[in-house]
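Okay, so here's the structure we're looking at.
In my numbering, the protein residues as written are 998 to 1139.
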(Lines of atoms letter the chains of each structure in order from A and count residues from 1; the text may use other names and numbers.)
(Lines give C-alpha, C1' and ligand atoms only; values in the text may rest on other atoms or scores of the structure.)
Protein backbone atom coordinates (compact mmCIF):
# COMPACT_ATOMS: atom_id res chain seq x y z
CA UNK A 1 0.00 0.00 0.00
CA UNK A 2 1.25 3.45 -0.82
CA UNK A 3 -1.89 5.47 -0.14
CA UNK A 4 -1.47 8.99 1.17
CA UNK A 5 -3.44 9.42 4.40
CA UNK A 6 -4.24 12.05 7.03
CA UNK A 7 -4.81 11.16 10.68
CA UNK A 8 -5.82 13.44 13.54
CA UNK A 9 -5.34 13.25 17.28
CA UNK A 10 -7.35 15.37 19.73
CA UNK A 11 -5.88 16.51 23.04
CA UNK A 12 -6.94 19.13 25.56
CA UNK A 13 -5.34 21.40 28.11
CA UNK A 14 -6.14 24.32 30.40
CA UNK A 15 -4.04 27.46 30.44
CA UNK A 16 -4.17 31.03 31.65
CA UNK A 17 -2.99 34.06 29.73
CA UNK A 18 -3.33 37.78 29.32
CA UNK A 19 -3.42 39.63 26.04
CA UNK A 20 -1.37 42.77 26.48
CA UNK A 21 1.58 44.66 25.12
CA UNK A 22 4.09 46.04 27.58
CA UNK A 23 4.62 49.13 25.43
CA UNK A 24 0.96 50.14 25.92
CA UNK A 25 -0.85 51.43 28.99
CA UNK A 26 -3.42 49.27 30.78
CA UNK A 27 -6.13 51.50 29.29
CA UNK A 28 -4.83 51.02 25.73
CA UNK A 29 -4.52 47.27 26.27
CA UNK A 30 -8.08 47.11 27.58
CA UNK A 31 -9.36 49.11 24.61
CA UNK A 32 -7.63 46.75 22.14
CA UNK A 33 -8.02 43.38 23.90
CA UNK A 34 -11.06 43.98 26.15
CA UNK A 35 -11.62 41.50 28.99
CA UNK A 36 -8.76 39.36 27.63
CA UNK A 37 -6.36 42.01 28.96
CA UNK A 38 -7.40 41.51 32.60
CA UNK A 39 -4.25 42.22 34.67
CA UNK A 40 -5.22 39.30 36.93
CA UNK A 41 -5.26 36.88 33.95
CA UNK A 42 -7.98 34.60 32.62
CA UNK A 43 -8.00 31.06 31.27
CA UNK A 44 -9.47 28.68 28.73
CA UNK A 45 -10.10 24.98 28.31
CA UNK A 46 -8.37 24.47 24.97
CA UNK A 47 -8.96 21.61 22.56
CA UNK A 48 -6.11 20.83 20.17
CA UNK A 49 -6.39 18.80 16.97
CA UNK A 50 -3.11 17.72 15.38
CA UNK A 51 -3.31 16.29 11.86
CA UNK A 52 -0.36 14.49 10.30
CA UNK A 53 -0.01 13.06 6.81
CA UNK A 54 2.07 10.53 4.95
CA UNK A 55 2.11 7.09 3.39
CA UNK A 56 0.67 4.04 5.07
CA UNK A 57 3.32 1.62 6.30
CA UNK A 58 2.56 -1.71 4.56
CA UNK A 59 3.84 -3.64 7.60
CA UNK A 60 1.47 -2.01 10.09
CA UNK A 61 -1.34 -0.72 7.88
CA UNK A 62 -0.96 2.65 9.66
CA UNK A 63 0.70 5.97 9.03
CA UNK A 64 1.74 5.93 12.68
CA UNK A 65 0.30 4.62 15.89
CA UNK A 66 -2.07 7.24 17.31
CA UNK A 67 -0.81 6.35 20.81
CA UNK A 68 2.65 7.47 19.68
CA UNK A 69 1.25 10.71 18.26
CA UNK A 70 -0.62 11.33 21.53
CA UNK A 71 2.55 10.73 23.54
CA UNK A 72 4.53 13.12 21.33
CA UNK A 73 1.88 15.85 21.70
CA UNK A 74 1.70 15.31 25.44
CA UNK A 75 5.50 15.45 25.90
CA UNK A 76 6.14 18.40 23.59
CA UNK A 77 3.06 20.54 24.28
CA UNK A 78 0.57 19.43 26.92
CA UNK A 79 3.02 18.78 29.77
CA UNK A 80 4.59 22.20 29.15
CA UNK A 81 1.36 24.23 29.07
CA UNK A 82 -1.42 22.42 30.95
CA UNK A 83 -2.52 24.36 34.05
CA UNK A 84 0.17 26.98 33.44
CA UNK A 85 0.26 30.69 32.73
CA UNK A 86 1.44 30.83 29.13
CA UNK A 87 2.75 34.39 29.51
CA UNK A 88 5.05 33.39 32.36
CA UNK A 89 5.67 29.64 32.42
CA UNK A 90 5.56 28.16 28.92
CA UNK A 91 8.95 28.09 27.17
CA UNK A 92 7.60 28.04 23.61
CA UNK A 93 5.44 31.13 24.31
CA UNK A 94 8.12 33.30 25.94
CA UNK A 95 8.37 36.74 24.32
CA UNK A 96 5.17 36.27 22.30
CA UNK A 97 1.80 37.93 22.65
CA UNK A 98 -0.27 35.07 24.08
CA UNK A 99 -3.02 35.08 21.43
CA UNK A 100 -4.52 31.84 20.19
CA UNK A 101 -3.05 32.60 16.76
CA UNK A 102 0.47 32.84 18.17
CA UNK A 103 -0.13 29.78 20.32
CA UNK A 104 -1.15 27.72 17.28
CA UNK A 105 2.01 28.76 15.42
CA UNK A 106 4.21 27.99 18.46
CA UNK A 107 2.61 24.54 18.82
CA UNK A 108 3.15 23.93 15.09
CA UNK A 109 6.86 24.79 15.31
CA UNK A 110 7.32 22.66 18.41
CA UNK A 111 5.57 19.60 16.96
CA UNK A 112 7.08 19.92 13.47
CA UNK A 113 10.58 19.80 14.90
CA UNK A 114 9.78 16.82 17.16
CA UNK A 115 8.01 14.90 14.38
CA UNK A 116 10.86 15.40 11.93
CA UNK A 117 13.37 14.03 14.46
CA UNK A 118 11.35 11.05 15.65
CA UNK A 119 9.13 10.16 12.66
CA UNK A 120 10.84 11.30 9.43
CA UNK A 121 8.16 9.71 7.22
CA UNK A 122 5.33 11.62 8.91
CA UNK A 123 4.58 15.26 8.06
CA UNK A 124 2.64 17.76 10.12
CA UNK A 125 -0.41 18.87 8.12
CA UNK A 126 -2.35 21.18 10.44
CA UNK A 127 -2.95 22.45 13.95
CA UNK A 128 -6.53 23.29 14.88
CA UNK A 129 -6.91 24.96 18.25
CA UNK A 130 -10.24 25.68 19.91
CA UNK A 131 -9.94 28.44 22.50
CA UNK A 132 -13.70 28.28 23.08
CA UNK A 133 -16.48 26.48 21.26
CA UNK A 134 -16.87 29.64 19.14
CA UNK A 135 -13.22 30.68 18.65
CA UNK A 136 -10.98 28.44 16.56
CA UNK A 137 -7.60 28.91 14.91
CA UNK A 138 -6.29 26.60 12.19
CA UNK A 139 -2.69 26.71 10.96
CA UNK A 140 -1.03 24.87 8.09
CA UNK A 141 2.53 26.14 8.49
CA UNK A 142 2.20 28.71 5.75
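No residue lacks a Cβ here, since even glycine has one placed at the ideal position from N, Cα and C. Being a predicted model, the structure only gives us computed values, none of them experimental.
In the DSSP assignment, the residues bridged to residue 1013 are 1040, 1082.
Sorting 1092, 1025, 1105 by C-alpha distance to the C-alpha of residue 1014 places 1092 at the top.
With a beta-carbon spacing of about 5 Å, residue 1120 and residue 1050 fall inside the 8 Å limit used to define contacts. When secondary structure is reduced to three states using DSSP, residue 1137 falls in the coil class, being assigned neither helix nor strand. With fewer than 16 other beta carbons inside 10 angstroms of its own, residue 1003 counts as exposed.
Each of 1037, 1012, 1023 was checked against the Cα of residue 1082, and the nearest Cα belongs to 1012.
Residue pairing by DSSP places residue 1048 opposite 1005, 1123 in a beta bridge.
About 7 Å separates the CB atoms of residue 1071 and residue 1008; that is less than 8 Å, so the two are in contact. Bridge pairing for residue 1054: 1059 [DSSP].
Taking residue 1040 as reference, the option from 1097, 1113, 1114 with the minimal CA-CA separation is 1097.
Counting other Cβ atoms within 10 Å of its Cβ, residue 1023 stays below 16 and is therefore classed as exposed. By the Cβ-count criterion, residue 1059 is exposed, with fewer than 16 other Cβ atoms from all chains shown falling within 10 Å of its own Cβ. With a cutoff of 8 Å on beta-carbon distance, residue 1105 and residue 1124 are scored as near each other.
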